[in-house]
Structures are given as structure tokens and as C-alpha cells.
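These notes concern the structure reproduced below.
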Amino acid sequence: MTSFEGTYFKNYKIHFAFSYVVTIENHSKDSVQLTSRHWEIFDSLNDLEVVDGEGVIGKKPVLKPGENHTYSSGCLLSSPYGAMKGHFNMINFTTTKTFKVIVPTFRMCAPFALN
């Protein structure tokens, strides 16, 4: 879920602020941990921005079978329209194997930018 939070000026440029909420659910029979994230941020007025980092908002949540973790974050765009996609890198505690959880593309659009 995404929300437009408003505009502001920084360094003589206008920025469009968006927030998003992500819920990660563990549907497996094993405990898993989120170790890192990869985001590709598309801005209609800028080049693709790639963001890689440990955990999410400073946390590396462990999810037991059936548990979920929800977090909110945000990004700044140079335009009122953009999108994000990416993945989370996870580790299975039982098998010690790593795997990716794909986050499909989600759009960010300021209400006044809609046709």
C-alpha cells in the first residue's frame, strides 16, 4: 500500500514524498530471517535508483511458521509519479539455505497527477 505524503523543497528542487507499507508472511514450515533488501526505484523524471541494504528499517526480523512482519518506510521522487520493485534476501534456519522473496512492482502517484 502506498500513500502520497506531500511535496517540499530541498536544495531548490521540489520533492514528492511517498510512504509504503509492506507485510512479509512466512507460509513455510520453518523459521526464516530477513537479512537484506534490494529496491529498484523508478522516477519518471530521473534515472533508476538501486538501493541495497541490510534488513528493513534497521531490523532483521525472524519469522516463525505462520508469522508475519509489517513495516512502513518511504521514498522521495523528483516527480509525482514513480514505481518500486525488488526483493528480500532470506535465510531458512532449518536448511541454512538462502532464498529471495520477490516484491512485485507497486506504483506511487500523487492524486493531482492522475488523469
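Quick note on the numbering used here: the sequence shown kicks off at 484 and runs consecutively.
Using N, Cα and C, we set each Cβ at its ideal position, and we do this for glycine too.
Pick from the options: whose alpha carbon is nearest that of residue i?
i: A500; options: P587, S556, M573 and K583; result: S556
i: D535; options: G549, N509, K547 and S519; result: S519
i: F492; options: K512, L560 and N509; result: L560
i: V533; options: N551, H570 and K580; result: H570
i: T578; options: K512, I497 and S486; result: K512
i: E537; options: L517, L528 and G549; result: L517
Going by DSSP, which residues form a beta bridge with residue i?
i: T506; result: T553
i: S486; result: S502
Could you check whether residue j and residue i sit closer than 9 Å to each other, using their CB atoms as the reference points?
i: G565; j: I507; result: no
i: K547; j: S502; result: no
i: S562; j: D526; result: yes
i: N572; j: H521; result: yes
i: T588; j: K568; result: yes
i: V545; j: F576; result: yes
Runs of alpha helix (DSSP H) wholly within the region 509-537 (minimum 4 residues, chain order): Complete alpha helix (DSSP H) runs here, min 4: none at all.
Start-end ranges of the beta strand (DSSP E) lying completely within the region 540-584, minimum 3 residues: 551-560 and 564-575
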